[in-house]
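Below is one structure, written out as structure tokens, with a few remarks after it.
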Amino acid sequence: MTRDTMIDGWYPVSLASQLDAHGRSTALMGEPIEVRRGEDGNAKVTGGNGRALPACIRYGHVWSSLGDPQKPLFAIPEADQPGRRLVDVGVVRVRCSPLRAVENFLDIAHFPFVHTDILGAEPHTEVQNYKVEIREDEDEVWATQVRFYQPQAAKSAEGGITTEYMYRVPAPTCSILYKTCPPRPGEWDVITLFVQPLAEDLCDVWPWMALFDDETPMTDLIHFQQTIFVQDRSILENQIPRLLPLDPGMEIPTRADLTSVAYRRWLKRHGYTYGAQLVAQ
Amino acid sequence: MKLYDYVLSPSCYKARLMAALVGVKLDIRPVDFHPGAEHRGPELMALNPAGSIPILEDGDLVLTESSAMLVYLAAKAAPQWLGNDTAGLAARVQQWLSFSHRLTASLGAARLHEMLLRPGNIDALQGQGTAALRELEAGLVEQHIRGQRFLASDRPTVADIACFPYVALAPDGGVSLDPYPAIRLWSRTIRGLDGFIEMPGIHRLHELKPEPVPVVGEA
Numbered sequence: 024m025t026r027d028t029m030i031d032g033w034y035p036v037s038l039a040s041q042l043d044a045h046g047r048s049t050a051l052m053g054e055p056i057e058v059r060r061g062e063d064g065n066a067k068v069t070g071g072n073g074r075a076l077p078a079c080i081r082y083g084h085v086w087s088s089l090g091d092p093q094k095p096l097f098a099i100p101e102a103d104q105p106g107r108r109l110v111d112v113g114v115v116r117v118r119c120s121p122l123r124a125v126e127n128f129l130d131i132a133h134f135p136f137v138h139t140d141i142l143g144a145e146p147h148t149e150v151q152n153y154k155v156e157i158r159e160d161e162d163e164v165w166a167t168q169v170r171f172y173q174p175q176a177a178k179s180a181e182g183g184i185t186t187e188y189m190y191r192v193p194a195p196t197c198s199i200l201y202k203t204c205p206p207r208p209g210e211w212d213v214i215t216l217f218v219q220p221l222a223e224d225l226c227d228v229w230p231w232m233a234l235f236d237d238e239t240p241m242t243d244l245i246h247f248q249q250t251i252f253v254q255d256r257s258i259l260e261n262q263i264p265r266l267l268p269l270d271p272g273m274e275i276p277t278r279a280d281l282t283s284v285a286y287r288r289w290l291k292r293h294g295y296t297y298g299a300q301l302v303a304q
Numbered sequence: 383m384k385l386y387d388y389v390l391s392p393s394c395y396k397a398r399l400m401a402a403l404v405g406v407k408l409d410i411r412p413v414d415f416h417p418g419a420e421h422r423g424p425e426l427m428a429l430n431p432a433g434s435i436p437i438l439e440d441g442d443l444v445l446t447e448s449s450a451m452l453v454y455l456a457a458k459a460a461p462q463w464l465g466n467d468t469a470g471l472a473a474r475v476q477q478w479l480s481f482s483h484r485l486t487a488s489l490g491a492a493r494l495h496e497m498l499l500r501p502g503n504i505d506a507l508q509g510q511g512t513a514a515l516r517e518l519e520a521g522l523v524e525q526h527i528r529g530q531r532f533l534a535s536d537r538p539t540v541a542d543i544a545c546f547p548y549v550a551l552a553p554d555g556g557v558s559l560d561p562y563p564a565i566r567l568w569s570r571t572i573r574g575l576d577g578f579i580e581m582p583g584i585h586r587l588h589e590l591k592p593e594p595v596p597v598v599g600e601a
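Listed in order, the protein sequences are those of chains V and E. Heads up, the numbering used here is the position in the first sequence plus 23, with the first residue counted as 1. Heads up, the numbering used here is the position in the second sequence plus 382, with the first residue counted as 1.
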């Protein structure tokens, strides 16, 4: 489908920590781009025809856009709280639609089957009722009051706990997960999935985290999240159809899929269809 | 025994899997291979000038080749895994241990390219990987004709563990296992071994559902 409606959005294109003068060749929605550190120390992004593209550095990553962003990058106020560990998980390429990568991140029901003994375990497979809304003021999808039994919810979790989650979709290829924080009750750990759309069926995924955890070594935090995401990767690469279907006749959702339904409805409303399939084929 | 380990590395997984199968407890030292490239840093380069992981340390012994680690773990804890009962079997095991390097260089490099954006000629890597898989498939079919379920014998040996990870993860590098029924059956057999552990991309066998039984009284 078209990329026109998503062209003014911000997308992650590099880890800020790996930005260098030599640069990195990558792509955004089919267009080759170059990302490098300029002489002034700022990120420079160049489009396919040599034009300078907008660039900013936020949440551990360099962000850019093929168009003219009307809004600054979405805010994650929690990420600026003092005392959090900021974790650059690193890029993983997935041969799937960028929208499917986000949709999978929003799904809770797969935990016991794909992330067995980490984020879920049989027989605790029930997804309890939760709340989903499209918040009109922020223009974001939110799922709240999500609860799930998890054998090892985070690297800092000792044994099984019922974890509470909130999911947020502030942009078509980005999602933020807020999760019970075992060492600091009352606060939320922030786990994000930033997806760089390379093509309609190919993306680079940049997970990033802002956690309250003073104990766990950084490498263990990185490996925990890479384990989870690479368990998802083989599933994502085998989903059919490859593009995310927005036609309600294509799949039959259940109650557990309410977040996915809201996400798809929100994408359709805005015409965010790069990586989507509008009519069942 | 200390293993310098990366959770997504199939070569590191060989050592973890072998240790689990023979009941050896490893002291895991996670290495930030990606994105941190810690294996190229001074501490690990001093230990292994080749700049690769895994590295296995046991007292004075430092091993940097995964096949040597498999042999060491088996010799220490479960020598039947060495498969050195006869000259023919010992040679077959060595044949597949050497062959396993071709899997690393082809399917492993294709996976690093497709997943972690490492450089490489992807068409050539996938082509070499496919050639290696065809050879393995033929070898396993011949084993079936001999009535043997594993690569070198009717029992698992270090040869199976040396070859299994890169083969099972071939789809990560864009090489499908659909054309290879003998490989898929072998993979299933290995995943069914007592003590088997998984890694990301290699899923465990979920318990099979009970046999369906006819409901009494239904027409």
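Here a beta-carbon is modelled for each residue, glycine too, at the ideal position from N, C-alpha and C. Remember, it's a predicted structure, so these values are computed and weren't measured experimentally.
Would residue 78 of chain V pass as a contact of residue 60 of chain V if the rule is Cβ separation under 8 Å? No. Outside cutoff.
What does residue 232 of chain V pair with, by DSSP beta-bridge criteria? Beta-bridge partners of residue 232 of chain V (DSSP): V:110 and V:214.
Neighbour flag for residue 583 of chain E against chain V, beta carbons, 8 Å: Cβ-Cβ to chain V under 8 Å: yes for residue 583 of chain E.
Quick check on residue 119 of chain V: does DSSP put it in helix, strand or coil? When DSSP states are grouped into helix, strand and coil, residue 119 of chain V belongs to the coil group.
Can you give the beta carbon distance from residue 111 of chain V to residue 83 of chain V, rounded, assuming they're within the 8 Å contact cut? Right, their Cβ atoms sit about 5 Å apart.
Please name the residue in V:257, V:28, V:131 and V:214 whose C-alpha comes closest to that of residue 283 of chain V. Checked all of V:257, V:28, V:131 and V:214; the closest Cα to residue 283 of chain V is V:131.
By a C-beta neighbour count over all protein chains shown, 10 Å radius and 16 as the cutoff for buried, is residue 343 of chain E buried or exposed? The requested residue 343 of chain E does not occur in the structure, where chain E is confined to residues 383 to 601.
Note the first and the last residue of the continuous alpha helix (DSSP H) segment covering residue 411 of chain E. Judged by DSSP secondary structure, residue 411 of chain E falls outside any alpha helix (DSSP H) and instead within the beta strand (DSSP E) spanning 409–412.
Since residue 185 of chain V and residue 170 of chain V should fall inside the 8 Å C-beta cutoff, what is the C-beta to C-beta distance between them, to a whole number of angstroms? Right, the Cβ-Cβ distance comes to about 6 Å (below 8 Å), so this counts as a contact.
Only counting the same chain, and skipping five residues up and downstream in sequence, which positions put a Cβ closer than 7 Å to that of residue 136 of chain V? Here the set comprises nothing.
Rounded to a whole number of angstroms, what is the C-alpha to C-alpha distance between residue 496 of chain E and residue 555 of chain E? Their Cα atoms are separated by approximately 5 Å.
Please specify which runs of the alpha helix (DSSP H), each continuous and at least 4 residues long, are wholly inside the region 394–477 of chain E, giving them in chain order. Inside the region 394–477 of chain E, DSSP marks whole alpha helix (DSSP H) runs of 4 or more residues at positions 424–429 and 448–459, from first to last along the chain.
Residues within the region 410–436 of chain E neighbouring chain V, beta-carbon criterion of under 8 Å: Listed by position, the residues of the region 410–436 of chain E near chain V (Cβ gap below 8 Å) are 412, 413, 414, 416, 417, 418 and 420.
Compare the beta carbon distance of residue 564 of chain E and residue 522 of chain E with 8 Å and say whether it is the shorter of the two. Yes.
Do residue 534 of chain E and residue 511 of chain E have their C-beta atoms within less than 8 Å of each other? Pairing residue 534 of chain E with residue 511 of chain E gives a Cβ-Cβ distance that is not under 8 Å.
How many angstroms separate the CA atom of residue 557 of chain E from the CA atom of residue 164 of chain V? Cα to Cα, the separation comes out at about 36 Å.
Would you mind sorting residue 138 of chain V into buried or exposed? The rule is 16 or more other CB atoms within 10 Å of its CB. Residue 138 of chain V is buried by the Cβ-count criterion.
Is it buried or exposed, residue 52 of chain V, if we count other Cβ atoms within 10 angstroms and call 16 or more buried? Answer is buried; the Cβ neighbour count reaches 16.
Go through its chain and collect everything with a Cβ distance to residue 178 of chain V's Cβ below 6 Å, but skip five positions before and after it. Excluding positions up to five away in sequence, the list reads 239, 243, 244 and 247.
The alpha helix (DSSP H) spanning residue 50 of chain V covers which residue range? Element bounds for residue 50 of chain V: not the alpha helix (DSSP H) but the beta strand (DSSP E), 47–51.
Work out the CA separation of residue 494 of chain E and residue 504 of chain E for me, nearest whole Å. When the Cα atoms are used, residue 504 of chain E and residue 494 of chain E turn out to be separated by approximately 10 Å.
Residue 123 of chain V touches chain E at which residues, Cβ-Cβ below 8 Å? Chain E residues near residue 123 of chain V: none, gap ~17 Å exceeds 8 Å.
Smallest Cα separation from residue 571 of chain E: which of E:528, E:484, E:469 and E:532? It is E:532 whose Cα lies nearest to the Cα of residue 571 of chain E.
Which residues share a DSSP beta bridge with residue 166 of chain V? Note: residue 166 of chain V sits in a beta bridge opposite V:155 and V:190.
Proximity winner among V:85, V:266 and V:281, relative to residue 156 of chain V (alpha-carbon distances): The shortest C-alpha separation from residue 156 of chain V is found at V:281.
Spell out a yes or no on whether the region 225–238 of chain V and the region 383–392 of chain E are touching, meaning 3 or more CB-CB pairs, one atom from each, closer than 8 Å. Judged by pairs of C-beta atoms under 8 Å, the region 225–238 of chain V does not touch the region 383–392 of chain E, as fewer than three such pairs exist.
Could you tell me whether the region 141–153 of chain V touches the region 283–293 of chain V, using the rule of 3 or more Cβ pairs below 8 Å? Taking a cut-off of 8 Å on C-beta distances, the region 141–153 of chain V does not touch the region 283–293 of chain V, as fewer than three cross pairs fall below it.
Which one or two residues does DSSP pair with residue 57 of chain V in a beta bridge? DSSP output for residue 57 of chain V lists V:48 and V:69 as bridge partner(s).
With DSSP as the reference, identify every bridge partner of residue 84 of chain V, one or two as the case may be. For residue 84 of chain V, which the question treats as bridged, DSSP gives the partners V:38 and V:81.
The beta strand (DSSP E) enclosing residue 286 of chain V, as first and last residue numbers: DSSP places residue 286 of chain V in no beta strand (DSSP E) but in the uninterrupted alpha helix (DSSP H) bounded by 281–293.
If I'm right that residue 579 of chain E touches residue 399 of chain E with Cβ under 8 Å, what's the distance once you round it to whole angstroms? Correct: roughly 6 Å between the Cβ atoms.
Using a C-beta to C-beta distance shorter than 8 Å, which residues of chain E count as neighbours of residue 242 of chain V? Residues of chain E whose Cβ lies closer than 8 Å to the Cβ of residue 242 of chain V are, in chain order, 412, 413, 414, 418 and 420.
Taking residue 587 of chain E as the reference, give the member of E:514, E:569 and E:596 with the closest Cα. Proximity to residue 587 of chain E across E:514, E:569 and E:596 peaks at E:569, based on C-alpha coordinates.
In terms of residues, what are the limits of the beta strand (DSSP E) holding residue 535 of chain E? Residue 535 of chain E -> no beta strand (DSSP E), and no H or E assigned at all.
State the Cα-Cα distance for the pair residue 423 of chain E and residue 33 of chain V, rounded to the nearest angstrom. Cα to Cα, the separation comes out at about 34 Å.
Residue 389 of chain E at chain V interface by Cβ criterion, 8 Å: For residue 389 of chain E, the nearest CB of chain V lies under 8 Å from its own CB, placing it at the interface with that chain.
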